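Structure, as structure tokens:
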Amino acid sequence: MSKRRYRKILAIVGAALAVVIAATTWFVNRKPGSPFDGVSASTSPSKALIERGRYVARLADCVACHSTPHGKPFAGGLEMSTPLGSIYTTNITPDKATGIGGYSLADFARALRHGVAGDGHRLYPAMPFPSYAKLDDADVRALYAYFMHAVRPQRQPDRKSDIAWPMNMRWPLALWSAVFTDGGTYQRNAAPAGVDATLWNRGAYIVQGPGHCGSCHTPRGAVMNEKAYDGSSRQYLAGALLDGWYAPSLRGDVNIGLGRWSQADIVRFLREGRNAHAVVYGSMTDAYNNSTQFMSDADLKAIAVYLKSLPGNPKQDGPPWQYQDTPNPALGSGAHPQAAGARLYLAKCGFCHGRDGRGQGTWIPPLAGSVASMSRHDASAINITLNGSTHIVAQGVPDGYRMPAFRHQLSDRDVAEVLSFIRTSWGNRGGSVKPQDVKKLRQRTNPASSDVIILQMR
Amino acid sequence: MELHINGKTYSVQSEGDTPLLWVIRDELGLTGTKYGCGIAQCGACSVLVDGEVMRSCVTPVEGVKGRNITTIEGVEEDPIGQRVVAAWVEHQVPQCGYCQSGQVMAATSLLKQTPQPSEAQIAASMTNLCRCGTYNAISAAVQDLAGGGPSAAAEKARMQAATAANGRGMRS
Ligand code: FES
Ligand code: FES
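These protein sequence lines map, in sequence, to chains L and S. Taking my numbering, the leading residue of the first sequence gets 5, the next gets one more, and so forth. Taking my numbering, the leading residue of the second sequence gets 79, the next gets one more, and so forth.
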């Protein structure tokens, strides 16, 4: 190659590179447009608008992440983990200096829907903006009115993330967003045949948008992206392992999903925290305590209608569970089982969950046929046994029945034995549990350990 | 809601999700059944439902409507319950006594289902906690009732020897 030609190629490649760099720089630093640009929000919004916003904040469960257990509501500070290190949620009270008091409506909408903060920096997708992108303009406006006029400002500076340079640079997140979010607000779709379209669309809007159910229930890809954001994919809400829990499928899967639940069961679960199939536990307790119990009956019905329209995947889910007394013999009265797992079951579990594993009404959940007993993932079964459940607070009243923590009573082997018994009894097909898996989760859920799980999602 | 307790029918006002323990103790005033932990861990609240031991602190009352409930107040109307109480006296089982109504109910249930339990079956079934550590005496009493194992006989002999020696026996 002649020297001249070489230089020419170099010049062209260089120019092209410069254009790419300039374009990328522009792209990652630009503030995406907002329909609210130049629109000024009312300085004295109506009471109705504020109340609407309060309700949307419940739908979106903002408080669960933007507060700490003993902190002020919405002042942030909750530690959340990312693959790169811990980050801390931010102050979203209307404090001018440390919160979002200086945000215009357009700034607010950009943060909510596009993950771009008021000063232009990119938010980590621990903030579920790919879901919130679907919020409609009316809800965004209401939410803004609520935060600006009904939330008490708190002076609490945001805490810096633990992520070190260069991984703490935020601009690459713009590329992440461009690849993994589809951006637009929720668009009305045709409902499946025979289903009330208004209800179905309202349900889809809440589930995909503010409710951000997929943050926990949709499996994630290699870079923490949710594999789907709506029902067009079979992966959407198909169940996922996250933070030491298995979040069940919310699709029509009969064993690991909602296939056996009626619409009324779903409504009852979200309103009361319990039904004859299950009681909320794990991260869902927060979602229930702060969010779903406050939803209107009409919205709960809409959610149920939408979720019941998502088909299951029988290939993966297997034949429907049926109550059976095999392979483990029934523990009728007078039974004196030899196997350690069955003996432990009678001593530790049977008084509440029943000798037959069927639970007690809607108060104590069945273990026979439950997702934690049927799923091949044993994380939820192990986690709840070691750590118990937190209080379910319905309308201000804590429930009377709570799963105790057994981490100080049962060894890894004991937990493995009793869970193996449960997961292979009464027709359950979850399979046996290994002591080393109990050991791992015991360590990872011990707050004093050095590698305790920090929630990625709530 | 109607409850059948110790052969009587009571009509109760408590809500369906109320633990049976609180209905028995607070609404009906049958305070022989004790509260220990409230989470099915200690057994102080044990009662019989259709002859089988249940921990009443984790039993929503609506689930036992129409079933036969026996508490410590009524246990001696059951022939096996009567024998259990007698053995408890014989073996001088209780110390502070707080856990003992639950222990008696658990033993009665065991012997109703399995009249002659083995030592291992007794150990596996008598899982109620006792702060005072009366486990050996409980085990001896139940083994006695089960037809007498060697340890029951030994315990009896020890008790009799102690009674004879210090003359403080409760029974002559
Ligand atoms: S009070 Fe019911 S088991 Fe302890
Ligand atoms: S006798 Fe005192 S707790 Fe058992």
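Ideal Cβ placement from N, Cα and C applies to all residues, glycine included. If you're wondering where the values come from, they're calculated on a predicted model, not measured in any experiment.
Around the Cβ of L/Trp249, a 10 Å sphere holds 16 or more other Cβ atoms; the residue is buried.
The beta-carbon of L/Ala334 is placed no less than 9 Å from the nearest beta-carbon of chain S. With a contact defined as Cβ atoms closer than 8 Å, L/Pro370 and L/Arg362 qualify at about 5 Å. Within 9 Å of the CB of S/Met132, the CB atoms of chain L belong to Phe355, in sequence order along the chain.
Taking C-beta atoms as the reference points, L/Ser85 and L/Ile396 fail to come closer than 9 Å. Interface with chain L (9 Å Cβ-Cβ cutoff): S/Gln194 is excluded. Interface with chain S (9 Å Cβ-Cβ cutoff): L/His412 is excluded. At a cut-off of 8 Å, the beta-carbon of S/Val139 does not count as near ligand 1: no heavy atom of the ligand is closer than that.
Straight through space, the alpha carbons of L/Gln158 and L/Thr72 are spaced by roughly 13 Å.
Non-local beta-carbon contacts of L/Gln297 in its own chain, meaning distances under 8 Å to residues more than five positions away in sequence, involve Leu274, Arg275, Glu276, Gly277, Ala398 and Gln399 in chain order. L/Gly89 sits in a strand when the DSSP states are folded into three classes. Here L/Arg174 has His125 and Arg126 as same chain residues with Cβ atoms under 7 Å from its own Cβ, once five neighbours each way along the sequence are excluded. Exclusion of the five residues before and after S/Glu140 leaves Met79, Gly94 and Asp95 as the residues of its chain whose Cβ lies within less than 8 Å of its Cβ.
The beta carbon of L/Leu179 sits closer than 6 Å to none of the beta carbons in its chain outside the five residues before and after it. Secondary structure of L/Leu314 (DSSP, three-state): coil. One Cα belongs to L/Met131, the other to L/Leu147, and the distance between them is close to 16 Å. Considered as a whole, the segment 226-288 of chain L harbours 267-276 as its complete alpha helix (DSSP H) runs of no fewer than 4 residues, in chain order.
Between S/Ala165 and S/Leu223 the beta-carbon gap is near 5 Å, inside 8 Å, which marks them as a contact. Listed along chain S, the residues sitting closer than 7 Å to L/Trp367 by beta-carbon distance are Asp95 and Pro138.
Per the Cβ contact rule, the segment 193-209 of chain S is in contact with the segment 341-352 of chain L (3 or more Cβ pairs under 8 Å). Per the Cβ contact rule, the segment 190-205 of chain L is not in contact with the segment 110-122 of chain L (fewer than 3 Cβ pairs under 8 Å).
Under the three-state reduction of DSSP output, L/Arg224 falls in the strand class. With a threshold of 16 other beta carbon atoms within 10 Å, L/Phe112 meets it and is buried. Residues of the segment 374-407 of chain L with a Cβ closer than 7 Å to any Cβ of chain S, in chain order: Gly404, Tyr405 and Arg406.
The Cβ atoms of L/Trp325 and L/Asn193 do not sit closer than 9 Å to each other. DSSP, read as helix, strand or coil, puts L/Met378 in helix. Of all alpha-carbon atoms in S/Val127, S/Gly121 and S/Ser217, the one lying nearest the alpha-carbon of S/Cys177 is that of S/Gly121. Distance from the CA atom of S/Arg209 to the CA atom of S/Asp156, rounded to whole angstroms, is 27 Å. Taking the C-beta atoms as reference points, L/His70 is found no nearer than 9 Å to L/Gly57. Between L/Ala137 and L/Asp65, the C-beta spacing is not below 9 Å. Every residue with a CB closer than 6 Å to a heavy atom of ligand 1 is listed here in chain order: S/Tyr113, S/Gly114, S/Cys115, S/Gly116, S/Ala118, S/Gln119, S/Cys120, S/Gly121, S/Ala122, S/Cys123, S/Arg133 and S/Cys135.
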